[in-house]
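**Q** Keeping their order, the protein sequence lines are chains Z and L. Quick note: the first sequence uses the UniProt record's numbering, first residue 1, plus one each step. Quick note: the second sequence uses the UniProt record's numbering, first residue 1, plus one each step. Every residue, glycine too, gets a C-beta built ideally from N, C-alpha and C. None of the values given here were measured: they were computed from a predicted structure.
Number of protein chains: 2
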Amino acid sequence: MSFLDKYQNIVSEAVEKHVFLDKPEELYAPMNYIMSHGGKRMRPIMVLMACDLFGGKLEDAIKPALAIEYFHNFTLIHDDIMDEAPLRRNKATIHTLYGLNIGILSGDNLLFKAYQYFLDLEPVLFKKCLKIFTDTGIVVCEGQQYDVNFESMNDVSHDDYIKMITYKTGSLSAASLQIGALIAGASDEDAESIYNFGKHLGIAFQIMDDYLDVYGDQAAVGKKHAGDIYENKKTILYLTALQNANEEERKELDYWYTKKTDNVDKIYGVEKIFRMTKVEEKVLRLVHQHSEIALEYLNKIDVPAENKKPLLELAEYLLKREK
Amino acid sequence: MSFLDKYQNIVSEAVEKHVFLDKPEELYAPMNYIMSHGGKRMRPIMVLMACDLFGGKLEDAIKPALAIEYFHNFTLIHDDIMDEAPLRRNKATIHTLYGLNIGILSGDNLLFKAYQYFLDLEPVLFKKCLKIFTDTGIVVCEGQQYDVNFESMNDVSHDDYIKMITYKTGSLSAASLQIGALIAGASDEDAESIYNFGKHLGIAFQIMDDYLDVYGDQAAVGKKHAGDIYENKKTILYLTALQNANEEERKELDYWYTKKTDNVDKIYGVEKIFRMTKVEEKVLRLVHQHSEIALEYLNKIDVPAENKKPLLELAEYLLKREK
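(1) Cα separation between Asp217 (chain L) and Asp160 (chain L)?
(2) Check each residue of the stretch 154–181 of chain Z: if its Cβ is closer than 7 Å to any Cβ of chain L, include it; give the result in chain order.
(3) For the putative contact between Tyr230 (chain L) and Asp262 (chain L), defined by C-beta atoms under 8 Å, what is the C-beta separation to the nearest angstrom?
(4) Please report the residue range of the alpha helix (DSSP H) in which Lys113 (chain Z) lies.
(5) Could you spell out the range, first to last residue, of the alpha helix (DSSP H) harbouring Lys259 (chain L)?
(6) Using a Cβ cut-off of 8 Å (strictly closer), state whether His37 (chain Z) contacts chain L.
(7) Could you tell me if Leu110 (chain L) is buried or exposed, where buried requires 16 or more neighbouring beta carbons within 10 angstroms of its beta carbon?
(8) Identify, in the order they occur along the chain, each residue of the same chain with its Cβ nearer than 8 Å to the Cβ of Ile207 (chain Z), setting aside the five sequence neighbours on each side.
(9) Is Cys129 (chain Z) close to chain L, meaning its C-beta is less than 8 Å from at least one C-beta of that chain?
(10) For the stretch 66–87 of chain L, enumerate the residues whose C-beta is nearer than 7 Å to any C-beta of chain Z, in chain order.
(11) Could you give the DSSP three-state label for Leu201 (chain L): helix, strand or coil?
(12) Over what stretch of residues does the alpha helix (DSSP H) that includes Lys17 (chain L) continue unbroken?
(13) Check the Cβ of Glu142 (chain Z) against every Cβ in chain L and list those closer than 8 Å, keeping chain order.
(14) What does a CB cutoff of less than 7 Å around Arg41 (chain L) pick up in its chain, not counting 5 residues either side in sequence?
(15) For Gly38 (chain Z) and Ala14 (chain Z), I'd like the C-alpha separation in whole angstroms.
(16) What does DSSP give as the partner residues of Ala92 (chain L) in its beta bridges?
(17) Return no unless some Cβ of chain Z is closer than 8 Å to the Cβ of Gln8 (chain L).
(18) Figure out for me which residue from L:Ala204, L:Glu271, L:Glu248 has the closest Cα to the Cα of Asn232 (chain L).
(19) Using beta-carbon positions only, say whether residue 324 (chain L) and Ala186 (chain L) come within less than 8 Å of one another.
(20) Any beta-carbon of chain L closer than 8 Å to the one on Gln145 (chain Z)?
(21) Leaving aside the five residues before and after Tyr117 (chain L) along the sequence, list all residues of the same chain whose C-beta is less than 6 Å from its C-beta, in chain order.
(22) Go ahead and pull the three-state DSSP assignment for Gly56 (chain L).
(23) Quick one: list the residues of chain L neighbouring Asn263 (chain Z), beta-carbon separation under 8 Å, in chain order.
(24) Closer than 7 Å between beta carbons: that is the criterion. Which residues of the stretch 193–217 of chain Z meet it against chain L?
(25) Pull up the distance between the alpha-carbon of Tyr33 (chain Z) and that of Tyr195 (chain Z), whole angstroms please.
(26) Are there three or more Cβ pairs, one per stretch, closer than 8 Å when the stretch 94–104 of chain L is compared with the stretch 67–86 of chain L?
(27) Any contact of the stretch 309–323 of chain L with the stretch 42–54 of chain L, i.e. 3+ C-beta pairs under 8 Å?
(28) Can the beta-carbon of Ile138 (chain Z) be found less than 8 Å from the beta-carbon of Lys17 (chain L)?
(29) Under 7 Å, CB to CB, which of the residues in the stretch 91–108 of chain L have a partner in chain Z?
(30) Given that a residue counts as buried once 16 or more other Cβ atoms are within 10 Å of its Cβ, and exposed if not, what is Leu4 (chain L)?
(31) Is the Cβ of residue 326 (chain L) closer than 8 Å to any Cβ of chain Z?
(32) Specify the secondary structure class of Asp120 (chain Z) as computed by DSSP and reduced to three states.
(33) Helix, strand or coil for Val303 (chain Z) per DSSP?
(34) Applying a beta-carbon distance threshold of less than 7 Å, which residues of chain Z neighbour Tyr257 (chain L)?
(35) Is the shortest distance between the beta-carbon of Thr134 (chain L) and the beta-carbons of chain Z less than 8 Å?
(36) Nearest to Tyr255 (chain Z) by alpha carbon, out of Z:Asn154, Z:Arg275, Z:Leu298?
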């Protein structure tokens, strides 16, 4: 069994064991509904992996790991409302099934439950973890807003984009690892290193996600080819093309990205410019850079190489080219 | 100057001093917007009053007091979305002005900011306060859901109703006082007493709020007379009438409460049953009972009588018959 499977099983069991039995049921049923759907549960796994990395007691990390997953699902519930998404993990979204009001309220309550799940930690550790958790909540909200802002901006820079994905997604992976490390009693310095490992791994993952939209194995990715281009999404591919385009190419990009069309000519046109501006290799290089930075941070941590295997497996899994 | 005015000034100054300067502005402008509108700011005042009651340093309580107000405004933003309310404190609500998505997200972020504002407390105190704060968040969500459930229930009991208002509103007043007390270094027992003072004061206030809808001085209350009756709201007046009605009166109540009409005959009809079932005196007795319980808890606290004056003024203000 892979490390990932092992940790995934631990998280699954914990989720089942901690199913909400509270009342009123109208509030808790949707919370149990979204928690039962699984997903990859990468973030709670990261809490546990970081705890093991530093030789901590895994049982101390279980509830904080669930807290991280509650937080993640709180963001999913509210994001799905904002995006008017009908489906999540192939199931009806909460607001679709239970209505807007229960969507807002069950999301809010899931966040409070997340905070509650840290309460077994002793005060000094509790405060350290809660500071990281709360600061992360704020940057996730800020990242979400930047993402929305970018939709109507014409001058999003490369750096703006990296900042946005760091805030919106990288920060939570990073925080998950840092919290797991602190629970295991890691030094602040080591906890910081594993935070940065998670941050750059998260950035690399998010860039890879953009990359696979166009260059991924369609069957393996399980999404429509070039869906982001159809949607005019300002992905890192688009921004890289824009940055490297000559005037004519830029005009053509602008032309396509103001059109909302299912015409396949658009995909040919845009992908041609991606080729001219060497988007594929540039973006892969960026993924490589960030995964290298991530690994450097992991290398800095002075624990037996054996302990790092699960995290290396995780990095490989997250960054493999067909997903 | 009254004690209330004094504390209100302190809170106002703190709100202004702590105006959010963070980015992106699209996220923080709505948060500053709702915080600038004031309202009575009773809850942060309670934090400060409880801190003073036990001789604490007021400056230690300022940021936690703001945290309580952020929390309160987080609930208002989300509640206004759920209620589709166009106005709050005579100003456009956030979702009306900025849209649903910013309403959800700025509410979420205000809650994270609330948590952040406890971070100056030392770890043991931090954990105590955060436990109270988080547990309160959960019961507020539960109370909100009970309130929604009651709308479509025909068998809401008196106790159900008291539980709902305790969860939805009493718990936050209670928690505000308890947190202020703990920051001042009060014993757990005294902090518990002031919590119960706040809880029963909150219940009495909420009942009074229902009472004034029908029996208040319309001009002073500033709301339409008997608005709750027009809206078929299951207030404590309605529940008390139902509990004490004979079969004929119950039938008539049912008749009126299934009708959505602006016909003044409805008000006459319902108020007649309220008279027959002695609703006014019964409900006032309930207010009196809860305010007596509140005062007993205040009496149990062994501090100079002088220190209790602000809280007595607060109780008097909240429970006066024309508001």
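**A** Put simply:
(1) 28 Å
(2) Here the close residues number zero.
(3) 7 Å
(4) 100–116
(5) No alpha helix (DSSP H) holds Lys259 (chain L); DSSP gives it neither H nor E.
(6) no
(7) buried
(8) Ile165, Ile236, Val283, Leu286, Val287, His290
(9) For Cys129 (chain Z), the answer is no, since every Cβ of chain L falls outside 8 Å of its Cβ.
(10) His78, Ile81, Met82
(11) DSSP places Leu201 (chain L) in the helix class (H, G or I) of the three-state scheme.
(12) 3–17
(13) Asp22, Lys23, Pro24, Leu27, Asn109
(14) Gln8, Val11, Glu69
(15) One C-alpha to the other measures close to 12 Å.
(16) Per DSSP, L:Leu87.
(17) no
(18) L:Glu271
(19) Residue 324 (chain L) lies beyond the range of chain L shown here (1 to 323); nothing can be said about it.
(20) The beta carbon of Gln145 (chain Z) sits closer than 8 Å to some beta carbon of chain L.
(21) Lys63, Leu66, Ala67
(22) In this structure, Gly56 (chain L) counts as coil in the three-state DSSP scheme.
(23) Here the premise fails: no neighbours, minimum Cβ distance about 29 Å.
(24) none
(25) 30 Å
(26) yes
(27) The stretch 309–323 of chain L makes contact with the stretch 42–54 of chain L, as at least three CB pairs between them are under 8 Å.
(28) no
(29) Asn101, Ile104, Leu105, Asp108
(30) Per the 10 Å Cβ criterion, buried.
(31) A question about residue 326 (chain L) goes unanswered here, because the residues of chain L that appear run from 1 up to 323.
(32) Taken through DSSP and simplified to helix, strand or coil, Asp120 (chain Z) comes out as coil.
(33) coil
(34) Correct list: empty, because the minimum Cβ distance to chain Z is about 22 Å.
(35) For Thr134 (chain L), the answer is yes, since a Cβ of chain Z falls inside 8 Å of its Cβ.
(36) Z:Asn154
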